[in-house]
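Quick note: to get this note's numbering, add 47 to the position in the sequence shown (first position is 1).
We put the CB at the ideal spot given by N, CA and C, even for glycine.
None of these values were measured; they are calculated from a predicted model.
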Amino acid sequence: MASLPFAVLVALALARGRFPGKALLDGLVHLPLVLPPVVTGYLLLIGFGRRGPIGEALEACCGVVFSFRWTGAALAAGIMGFPLMVRAIRLSLEAVDRRLEDAAATLGASRTGVLFAVTLPLALPGVLAGAVLAFAKALGEFGATITFVSNIPGETRTLPAAIYTLTQTPGGDAAAGKLVLIAIALSLAALIASELLARRLASRIAG
Numbered sequence: 048m049a050s051l052p053f054a055v056l057v058a059l060a061l062a063r064g065r066f067p068g069k070a071l072l073d074g075l076v077h078l079p080l081v082l083p084p085v086v087t088g089y090l091l092l093i094g095f096g097r098r099g100p101i102g103e104a105l106e107a108c109c110g111v112v113f114s115f116r117w118t119g120a121a122l123a124a125g126i127m128g129f130p131l132m133v134r135a136i137r138l139s140l141e142a143v144d145r146r147l148e149d150a151a152a153t154l155g156a157s158r159t160g161v162l163f164a165v166t167l168p169l170a171l172p173g174v175l176a177g178a179v180l181a182f183a184k185a186l187g188e189f190g191a192t193i194t195f196v197s198n199i200p201g202e203t204r205t206l207p208a209a210i211y212t213l214t215q216t217p218g219g220d221a222a223a224g225k226l227v228l229i230a231i232a233l234s235l236a237a238l239i240a241s242e243l244l245a246r247r248l249a250s251r252i253a254g
């Protein structure tokens, strides 16, 4: 979950910030939810491909390559799950009682201290839920991933891509069915774990 710190920062900006372009930032963050995943993958290919401005610069300075590599698959999955993470964290931050933050500030806590001692602990259930939702979304990502990094066995083949490949292979239905069951089990486990942990954290905070 390398994108979690960025999601927290963006959620804080959207929940508490007042600045020009806030609505535009909100729209850009949630754009992957409404764009066709293939479009998102194509934009990643343009920007982060070896001839793209970002991809070329990263390869030149750091030797990092995204296109047609597992790193690109991780990037595509992270971007597709990012809006869900930000939204869950933002809603949790907006639900925090501002009076508790004000009380901590009157006791001498700095803004940073209030953030780490009061705000984020109270918003922790939403942070956790957002991280797990993003993981579940990334697990099932197909369109953006296959457009950006293709379907290379042992390198960029994800669970959905493997299922798709097996459905196109004669006699592959049985193996595809097993992978489908694995995908369902993983997704359900992630969602149930998120709910249980969020309830436990919420009860601790309330108690």
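- Grouping DSSP H, G and I as helix and E and B as strand, with all else coil, what is alanine 183? Within the sequence shown, numbered from 1, the residue matching residue 183 stands at position 136. Three-state DSSP puts alanine 183 in a helix.
- Rounded C-alpha distance that separates alanine 181 from phenylalanine 129: By one-based count along the sequence shown, residue 181 stands at place 134. By one-based count along the sequence shown, residue 129 stands at place 82. If you take the alpha carbons of alanine 181 and phenylalanine 129, they lie about 6 Å apart.
- Query: With a CB to CB cut of under 7 Å and the five nearest residues on each side skipped, what residues in its chain are close to lysine 184?
  - Reply: On the sequence shown, residue 184 is found 137 positions in, with the first residue counted as 1. Hits under 7 Å: Met127, Gly128, Leu131.
- Message: Helix, strand or coil for glutamate 148? Go by DSSP, reduced to three states.
- Response: The residue labelled residue 148 in the question sits at position 101 within the sequence shown. Helix at glutamate 148.
- Message: Can you find the residues in the same chain that come closer than 6 Å, C-beta to C-beta, to valine 152, ignoring five residues on each side of it along the sequence?
- Response: Numbered from its first residue, the sequence shown carries residue 152 at position 105. Note on identity: in this sequence residue 152 is alanine, with valine being the wrong assignment. If we look at alanine 152 and ignore the five residues flanking it on each side, its Cβ neighbours are Val161.
- Query: Enumerated in chain order, which unbroken segments of the alpha helix (DSSP H) with a length of 4 residues or greater are wholly contained in the segment 114-158?
  - Reply: 117-141, 145-153
- By how many angstroms is the C-alpha of tyrosine 89 removed from the C-alpha of alanine 104? As a position in the sequence shown, residue 104 is number 57, starting the count at 1. As a position in the sequence shown, residue 89 is number 42, starting the count at 1. So the alpha carbons of these two residues sit roughly 18 Å apart.
- Item | Reduced DSSP secondary structure (H/G/I, E/B, other) of glutamate 188 | In the sequence shown, the residue the question calls residue 188 occupies position 141. Glutamate 188: coil per DSSP, three-state reduction.
- Query: Is the Cβ-Cβ distance between proline 147 and valine 174 less than 7 Å?
  - Reply: Translated into the one-based positions of the sequence shown, residue 147 becomes position 100. Translated into the one-based positions of the sequence shown, residue 174 becomes position 127. In the sequence as displayed, the identity of residue 147 is leucine instead of proline. Contact flag unset, no.
- Do you know whose CA, among Phe53, Ile136, Ala209, Glu202, lies nearest valine 112's CA? By one-based count along the sequence shown, residue 112 stands at place 65. It is Glu202.
- Query: How would you write the range of the alpha helix (DSSP H) that glycine 102 sits in, first residue to last?
  - Reply: Within the sequence shown, the letter at position 55 stands for residue 102. 100-109 is the span of the alpha helix (DSSP H), which, as asked, contains glycine 102.
- Task: Would you identify the three-state DSSP class for threonine 246, choosing helix, strand or coil?
- Result: The residue labelled residue 246 in the question sits at position 199 within the sequence shown. The amino acid at residue 246 is misidentified as threonine; the sequence shows arginine. The answer is helix: DSSP assigns arginine 246 an H, G or I state.
- Query: Sorted by chain position, which residues of the same chain lie with C-beta nearer than 7 Å to alanine 124's C-beta, five sequence neighbours on each side aside?
  - Reply: As a working note, residue 124 is residue 77 in the sequence shown. Ala185, Glu188, Thr192.
- Below 7 Å between beta carbons: does that hold for valine 133 and leucine 169? Position 86 of the sequence shown, counting from 1, holds the residue named residue 133. Position 122 of the sequence shown, counting from 1, holds the residue named residue 169. In this structure, leucine 169 does not lie closer than 7 Å to valine 133 by Cβ.
- Message: Would glycine 219 and leucine 213 be called neighbours here (beta carbons separated by less than 7 Å)?
- Response: Residue mapping note: residue 219 aligns to position 172 of the sequence shown, counting from 1. Residue mapping note: residue 213 aligns to position 166 of the sequence shown, counting from 1. Contact: yes.
- Buried or exposed (CB count within 10 angstroms, at least 16 for buried), isoleucine 210: Along the sequence shown, read from residue 1 onward, the residue named residue 210 stands at position 163. Answer is buried; the Cβ neighbour count reaches 16.
- Query: Can the beta-carbon of glycine 119 be found less than 7 Å from the beta-carbon of phenylalanine 195?
  - Reply: Numbered from its first residue, the sequence shown carries residue 119 at position 72. Numbered from its first residue, the sequence shown carries residue 195 at position 148. The answer is yes: Cβ separation under 7 Å.
- Host alpha helix (DSSP H) of threonine 212 (start-end): Here residue 212 refers to the residue found at position 165 when the sequence shown is read from its first residue. Note, threonine 212: alpha helix (DSSP H), 206-214.
- Message: According to DSSP, is alanine 58 part of a helix, a strand, or is it coil?
- Response: Here the question's residue 58 lines up with position 11 in the sequence shown. Reduced to three states, the DSSP call for alanine 58 is helix.
- In terms of residue numbering, what span does the alpha helix (DSSP H) encompassing leucine 92 cover? In the sequence shown, counting from the first residue as 1, residue 92 sits at position 45. 84-95 is the extent of the alpha helix (DSSP H) around leucine 92.
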